[in-house]
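First up is the structure itself, then whatever we jot down about it.
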Amino acid sequence: MQIISPGKNNFAKILNNKWVQHISYWIFYLLFFAVTWGSYDMNFEKTMMVELVNLPAKIALVYWVIYYLFPKFLYKRKIGSFILLFGISIIVVAFTTRFTDNYIILKYYLTEFEMQPLFSYVQVIRSSINLGTVIAIPFILKLVDHVNKVKQNEQLLVREKLEAELVFLKNQVQPHFLFNTLNSLYSLILKKSDQSLDVILKLSELLRYMLYETNSKRVDFQKEIDSIKSYLELEKIRYGDRIDLSFNLWGDISSNQIAPMLILPFIENSFKHSTKGFDGNAWITIDIGIKNNELKLNIENSIPQSSSDQEPIIGGIGLQNVKRRLSLLYAEKYELKITDNEDSYSIYLNLKLQ
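The C-terminal position of the sequence shown is numbered 354 in this note's numbering, with every residue numbered one higher than the one before it.
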């Protein structure tokens, strides 16, 4: 059982050692009752021997209960079986101590007391109650230790589940993004455009970021911005002057970190909706900044008039996943507003960075 936080010092290691704890408990128990009973006639040697006579039976009872009955029945919620076997164990050890009381303790150490009948139920009850003093502390400590371990395991399972979900969500976003980019590359190759080489170069930069940087829980904000710039360059190559793109970056972005691939899906979504039913007059404004360790993101894009069946902005794998990732990673530390106007969509994100 861990008593104090483990450290590099030897004292912590010794104090948390199981053998040291057990031996210390039995020494304390022996000395406490030897001194308590011995204070009546100041014969501590005699009371020490009296306590030593019944100590093996008490030790056997304690370890039988906490190392067999607990894991075999109590931890498995077999409460009825545990209570029955625990009661039988107490009675068996009580009879054992009755035997040693009569034929060893009263005969050699406490000769002034009269011998009581071995199977006297009053004496058996008294012996059973006396056994409660030795098993109470180990009983409680073992239960507390078990409850703590169960809670730790539950917390570990919850954490592992959340981490697995985050990995799944992030891995969904990346193929979704790559699929769209490869489609753009394919169309340029079909047109035999010289810009296809530039697309391959920018795509390789994004792939490098995805493969080697996004495995961490947090990345430098500058790296996330660089990936966004590479993506914007890809879209500029794809659409040219047909989209009026405004990108504004402000604030201190060099000393902050963010979860990877968190902003890009919002930007990708703006291109998706501004170019659906594309009429050649699309516009997108992106404003990203950091102030007092708070990220402020504003994205607004046009809605083509020819697109009468426009999908809701909350649709799509990218946005669904990024919203879920925000709730898992930043909980109450973000504010997200998505506005669907008649001629534009806008996204506002305020995020407290760690």
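Cβ coordinates follow ideal geometry from the N, Cα and C atoms, glycine included. Predicted, not measured: the structure shown is a model, and the values here were computed from it.
Host alpha helix (DSSP H) of residue i (start-end)
| i | result |
| --- | --- |
| D198 | Q195 to Y212 |
| Y345 | Per DSSP, Y345 belongs to no alpha helix (DSSP H); it is in the beta strand (DSSP E), S344 to K352. |
| L264 | L264 to S274 |
| Y63 | F44 to W64 |
| Y85 | The question names Tyr, but residue 85 in the sequence shown is Leu. Unbroken alpha helix (DSSP H) run through L85: I79 to T100. |
Bridge partners - residue i, DSSP secondary structure assignment
| i | result |
| --- | --- |
| I290 | G251 and L295 |
| Q257 | D220 |
| W26 | Beta-bridge pairing links W26 to no other residue. |
| I241 | This sequence places Asp at residue 241; Ile is not what is there. Per DSSP, none; premise fails for D241. |
| I284 | L245 and N301 |
Cβ shell of residue i (< 8 Å), same chain only, five flanking positions each side left out
| i | result |
| --- | --- |
| L69 | F82, L85, F86 and S89 |
| A282 | Y239, R242, I243, D244, S274, T275, N301, S302 and P304 |
| V124 | I91, A94, F95 and R98 |
| P312 | The predicted model places P312 with a pLDDT of 45, which falls under 50 and marks its position as unreliable; any figure quoted below should be read in that light. Once the five neighbours on either side are set aside, the close Cβ partners of P312 are D340. |
| E294 | N350, L351, K352 and L353 |
| L190 | none |
| Q222 | I253 and S254 |
| G315 | In this predicted model, G315 has a pLDDT of only 44, less than 50, meaning its place in the structure is not dependable enough to derive any value. |
| L319 | P265, F266, N269 and I313 |
| D198 | E233 and I237 |
| L185 | S196, V199, I200 and L203 |
| S24 | none |
Same chain, Cβ closer than 6 Å to residue i, five either side skipped, listed in chain order
| i | result |
| --- | --- |
| S230 | K202, E205 and L206 |
| K333 | K352 |
| W37 | T47 |
| Y209 | S227 |
| I284 | L245, S270, S274 and N301 |
| P138 | V62 and I66 |
| N248 | D287 |
| T214 | P260 and M261 |
| Y348 | N298 and K337 |
| S308 | Bear in mind that the predicted position of S308 carries a pLDDT of just 44, short of 50, making it unreliable; the figure below should be weighed with that in mind. For S308, where only same-chain residues beyond five positions count, there are no Cβ hits under 6 Å. |
| D343 | I303 |
| V134 | K58 |
| S216 | none |
| L329 | A259 |
Where the beta strand (DSSP E) through residue i begins and ends
| i | result |
| --- | --- |
| I338 | Y334 to D340 |
7 Å CB neighbourhood of residue i in its chain, flanking five on each side removed
| i | result |
| --- | --- |
| N54 | T97 and T100 |
| I267 | I228, Y231, I286 and I299 |
| W250 | G289 |
| I14 | V20 |
| L106 | F113 and M115 |
| L361 | Any answer about residue 361 is impossible in this case: the structure gives the chain only from 1 up to 354. |
| M49 | Y109 |
| E233 | K202 |
| D220 | Q257 |
| L118 | R98, F99 and N102 |
| E235 | F271 |
| Q155 | none |
| I225 | L249 and I253 |
Any C-beta of chain D under 7 Å from that of residue i
| i | result |
| --- | --- |
| Y121 | Here chain D cannot be found, since the structure has a single protein chain. |
Touch test, the stretch 284-299 against the stretch 246-262, Cβ-Cβ under 8 Å, three pairs minimum: They touch, by the three-pair rule.
Given 8 Å, three or more beta-carbon pairs between the stretch 51-59 and the stretch 23-33: Output reads yes: the stretch 23-33 touches the stretch 51-59.
Residue ranges of each beta strand (DSSP E) within the stretch 104-147, 3 or longer: Runs of the beta strand (DSSP E) lying entirely within the stretch 104-147, each at least 3 residues long, are absent.
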